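Trainee: I'd like to ask you about the structure that follows.
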Ligand SMILES: [Cu+2]
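In the working numbering, the protein residues as written are 1 to 267.
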């Protein structure tokens with residue numbers, strides 16, 4: 001039923017303006033308030049001629065994949081001390097939900113409004129969690145690309161964007177690997193929207209990144225080591241083919257697509 005409502009909502013949707021922010025943490029299907037466990041972003045200063053801040057102060061995406069903001073969002077590390085820490089047993093299902101209206105007009109939409117792959121990441125805090133800048137090692141713990149075949153049937157076959165699993169969804173849940181070493185972590189979500197820049201729209205500057213980070217304390221017996229680990233920024237290079245392409249064009253074949261590295265760490 002929820003899928004059906006979402007499909008009708010999207011019948012008139014304009015993708016170029018469909019920005020969003022993952023503002024809620026979910027633990028075991030419990031949804032927590034905006035920013036309670038998520039590091040709040042710095043607001044965008046409205047600059048209409050640059051296409052910035054038009055849809056509320058928090059929802060503008062990142063276009064620069066070389067900035068430390070790629071870890072947790074615009075200025076998020078300033079807000080570590082104001083972010084609570086959720087306690088989660090390793091092996092538990094957690095998730096992120098989109099929050100904050102994406103529009104200032106009457107057309108308020110709180111869903112992932114773009115095509116592209118999603119991923120979830122962990123980085124163990126070096127020092128205190130509230131002061132940790134995310135400049136240590138990260139592992140990817142989950143990834144989502146194509147919509148489940150059965151669920152896909154509830155959306156129009158001609159709307160290729162619904163091939164992508166997160167498109168038009170409110171939330172995404174995944175599992176913290178059961179053997180994750182106990183400790184304090186930044187839990188990161190990344191949704192990237194591969195798209196070419198539009199010469200006719202100041203709102204479309206090319207591939208967009210939507211990232212948020214939660215503070216979590218993982219309990220459990222541990223038992224596994226992280227492998228492979230990466231640094232952020234450093235995940236992407238200009239022009240790489242799994243990031244810089246048109247994910248909405250009718251001739252794009254999602255079944256032939258492999259999302260960018262690294263591989264998922266399974267615990
Ligand atoms: Cu957008």
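From the three backbone atoms N, C-alpha and C, an ideal C-beta is built for every residue, glycine too.
All of these numbers come straight from a predicted model, not from anything done at the bench.
1. Check whether the Cβ atoms of residue 74 and residue 188 sit closer than 8 Å, and answer yes or no.
2. Distance check for residue 185 and residue 148, CA to CA, integer angstroms please.
3. Give the range of the alpha helix (DSSP H) segment to which residue 70 is assigned.
4. Counting only the same chain and skipping the five closest in sequence on each side, list residues whose C-beta sits under 6 Å from that of residue 264.
5. If I follow the unbroken alpha helix (DSSP H) through residue 152, where does it start and stop?
6. Residue 133 and residue 31: beta carbons closer than 8 Å?
7. Tell me the residue span of the beta strand (DSSP E) that contains residue 87.
8. Check this for me: beta carbons of residue 273 and residue 246, under 8 Å apart or not?
9. Locate the beta strand (DSSP E) running through residue 188, then write down its first and last residues.
10. Would you report the Cα separation of residue 267 and residue 58, rounded to the nearest angstrom?
11. Out of 110, 119, 92, 48, point me to the one whose CA is closest to residue 23's CA.
12. Just how far apart, CA to CA, sit residue 86 and residue 199?
13. How big is the Cα-Cα spacing for residue 150 and residue 211?
14. Taking the alpha carbon of residue 54 as the reference point, which residue from 18, 122, 125, 255 has its own alpha carbon closest?
15. Relative to the C-alpha of residue 276, which residue among 261, 99, 192, 120 is closest?
16. Along the chain, where does the beta strand (DSSP E) containing residue 94 start, and where does it finish?
17. Go to residue 22, then tell me how far its beta strand (DSSP E) extends in each direction, as first and last residue.
18. Using a Cβ-Cβ cut-off of 7 Å (strictly less than) and excluding sequence neighbours within five positions of residue 170, which residues of its own chain qualify?
19. Between residue 260 and ligand 1, is there a pair consisting of the residue's CB and a ligand heavy atom that are separated by less than 7 Å?
20. Shortest alpha-carbon distance to residue 116 belongs to which of 161, 137, 177?
21. Evaluate residue 63 with the Cβ neighbour count: other Cβ atoms within 10 Å of its Cβ, from every protein chain shown; 16 or more gives buried, anything less gives exposed.
Mentor: Inspection of the coordinates gives the following:
1. Contact check for residue 74 against residue 188 fails: the beta carbons are separated by 8 Å or more.
2. Spanning the two alpha carbons is a distance of roughly 30 Å.
3. For residue 70, the enclosing alpha helix (DSSP H) covers residues 69 to 72.
4. Cβ-Cβ distances below 6 Å link residue 264 to 140, 143 in the same chain, with the five nearest sequence neighbours on each side left out; the list follows chain order.
5. From DSSP, the alpha helix (DSSP H) with residue 152 extends over 149 to 152.
6. The answer is no: Cβ separation not under 8 Å.
7. From DSSP, the beta strand (DSSP E) with residue 87 extends over 86 to 89.
8. With the chain represented from 1 up to 267, any question about residue 273 goes unanswered, as that position is not in the structure.
9. From DSSP, the beta strand (DSSP E) with residue 188 extends over 183 to 193.
10. The alpha-carbon atoms of residue 267 and residue 58 are separated by roughly 33 Å.
11. Of the candidates 110, 119, 92, 48, the residue whose Cα lies closest to the Cα of residue 23 is 110.
12. Cα-Cα distance, rounded: 43 Å.
13. Between the C-alpha atoms of residue 150 and residue 211 there is a straight-line separation of about 28 Å.
14. Residue 54 has its Cα closest to that of 18, out of 18, 122, 125, 255.
15. This structure does not reach residue 276, given that the chain is present from 1 up to 267, and the question cannot be answered.
16. According to the DSSP assignment, residue 94 belongs to the beta strand (DSSP E) that extends over 93 to 99.
17. From DSSP, the beta strand (DSSP E) with residue 22 extends over 21 to 27.
18. Correct list, in chain order: 97, 98, 110, 111.
19. No, since every heavy atom of ligand 1 falls outside the 7 Å radius drawn around the Cβ of residue 260.
20. Ranked by Cα distance from residue 116, the first of 161, 137, 177 is 161.
21. Label assigned to residue 63: exposed.
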